[in-house]
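What follows is a single structure, written as structure tokens, with notes after it.
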Amino acid sequence: MVDCIEEVKKIAEIKEKVKDLQLLIRYQSNDPSAEYSLGGRFGADEEEIDDILNCIHENGLNFAGTHFHIGTGAHNPAAFKNGIRIAKETIEKAKKLGYKPTIIDIGGGFCQEVLIDNFAKVILESIKEHGLEDMKIIAEPGRFIATNALSYVANVLYKHKKTRKNFIYYSLDDGIHGNMAFCALFNKTIECIPLNPRNSKKMKSLIGGQTCDSHDIVCDFEVEEMEIGDWVVFYCLGAYSMSIATNFNGFEARSRPIYQMPTRNNEIITIPEEIEKKGIPALWGLPNSWT
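FYI, in our numbering the residues of the sequence shown are 97 to 387.
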């Protein structure tokens, strides 16, 4: 996969050593609503594609198809229309050079908040509109699949009631340097659900991790007042959580055990004694016994 002439020339130097070498051109087609854009670093501008394609041809390399990625956490299915349009134009130009491209890689980044059917509808309509039904279409829905696979249970370690400012600050036993690292990566906060409801008044709350980092904040919303020792659950934390967790400040985030929860109904979830005794989080999705 290449996105500039320099990469093509570098590959051309080793083409004799690699059997069946086939190149895809990666170009930009960004969704402005995506939580994390990949276009700032990766992908050729549309105006650069012709020069890259010509360079591939001049160096006797094989051109197999195109690739774009609209950004991870993408919310706008229509963003795929532009990427598929560029794919069609690039493929037609490649055919005039004698190539027979077969692949269009449309990337991934599908968010859970938008029905996958909505993405599929736009993608399939665009493929049909441009006559690309015979192409091999590759998608990368890793985030979409992983997000809903895991939920995260954390313990309240610290509470500081800011009476004059009318909010409460809580610290959990995990945060942005651990299994909620995506909050920092995507510059966002999320919401959690208390598992020890007291039917108390909701108050503005900041909920952070256990580190010395003052920016270690994962929640900023109104929630029922909690107490030290309470548990909270974060749903849909399968993507960009444990996989990018660190051991910052000596907290070994990646060594947390994983349990299969018997239910996702937060009104009846009870924390197993094994977890209560150790004061550790639990993830839903893989099979240590929860019941």
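A virtual CB, placed ideally from N, CA and C, is assigned to each residue, including glycine.
Every value quoted in this text rests on a predicted model; they were computed, and no experiment measured them.
Run of the alpha helix (DSSP H) containing residue i, from where it starts to where it stops
i	result
T210	Looking at the sequence shown, residue 210 is not Thr but Val. Where V210 is concerned, there is no enclosing alpha helix (DSSP H), given that its DSSP letter is neither H nor E.
A108	101 to 108
G179	175 to 192
Cβ-based burial, residue i [other Cβ within 10 Å; buried from 16]
i	result
T259	exposed
A160	buried
Y336	buried
I57	Residue coverage of the chain in this structure runs from 97 to 387, which leaves residue 57 outside it and unanswerable.
S247	buried
A174	exposed
Y254	exposed
C308	exposed
V114	exposed
P128	exposed
L120	buried
Delimiting residues of the beta strand (DSSP E) encompassing residue i
i	result
D147	Note, D147: premise wrong, no beta strand (DSSP E); alpha helix (DSSP H) at 145 to 154.
A235	232 to 236
F263	263 to 268
I162	According to the sequence shown, residue 162 is Thr rather than Ile. Unbroken beta strand (DSSP E) run through T162: 158 to 163.
H171	Segment: none, H171 is in no beta strand (DSSP E) and carries neither H nor E.
I199	199 to 204
For residue j and residue i, the rounded distance between their alpha carbons
i	j	result
F138	I241	23 Å
G167	I182	16 Å
S267	M299	16 Å
K232	V329	41 Å
S296	W327	15 Å
T243	I199	27 Å
A190	F206	29 Å
D230	K217	17 Å
E348	T342	7 Å
L117	I152	12 Å
L379	G136	Bear in mind that a pLDDT of 39 at L379, under 50, signals an unreliable position, so the number given afterwards is only what the model happens to contain. Rounded to the nearest angstrom, the two C-alpha atoms are 33 Å apart.
P237	G204	5 Å
A235	H273	30 Å
I264	L149	58 Å
G271	E109	46 Å
N158	Y195	8 Å
N155	Q124	24 Å
L333	E112	45 Å
C288	K192	55 Å
F164	P290	40 Å
S301	V319	7 Å
T285	E221	35 Å
In DSSP terms, what residue i is bridged to
i	result
Q118	N158
K257	I264
A250	V328
V98	I121
M132	It is worth fixing the name first, because residue 132 is Tyr in this sequence and not Met. Per DSSP, T168.
A140	Y123
Kindly provide the ranges of any beta strand (DSSP E) runs that are 3 or more residues long and lie completely inside the region 280 to 336, ordered along the chain. For the region 280 to 336, whole beta strand (DSSP E) runs of length 3 or above, ordered along the chain, are 298 to 304, 313 to 320, 327 to 330.
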